[in-house]
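Student: Numbering (the UniProt record's numbering), first residue to last: 1 to 67.
All C-beta atoms, glycine included, are put in the ideal place defined by N, C-alpha and C.
These numbers were taken from a predicted model, which means no experiment stands behind them.
Would you mind keeping the following structure in view while I ask a few things?
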């Protein structure tokens, strides 16, 4: 299992290095774009989970206390 994890991390490292070589000076822009996209996806997913929990009545006020 440990060897498989190591091989996966090595593959990610090789792909990252090749990507960095091919994009050259545009690397920081692509890095910011990828990180921003991941953050937007995670934040919107968390918002959807919170909305679902509120609609199920698990968090927030109960329906008889709403104004």
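Indicate the three-state DSSP secondary structure (helix, strand or coil) for residue 1 in the structure shown.
Tutor: coil
Student: Whole angstroms is fine: what's the gap from residue 67's alpha carbon to residue 55's?
Tutor: Because residue 67 sits at a pLDDT of 45, beneath the cut-off of 50, its placement in the model cannot be relied upon, and the following sentence gives the value as read from the coordinates. Between residue 67 and residue 55, the C-alpha separation is close to 16 Å.
Student: What's the C-alpha gap between residue 44 and residue 28?
Tutor: In this model, residue 44 and residue 28 are separated by some 24 Å (Cα to Cα).
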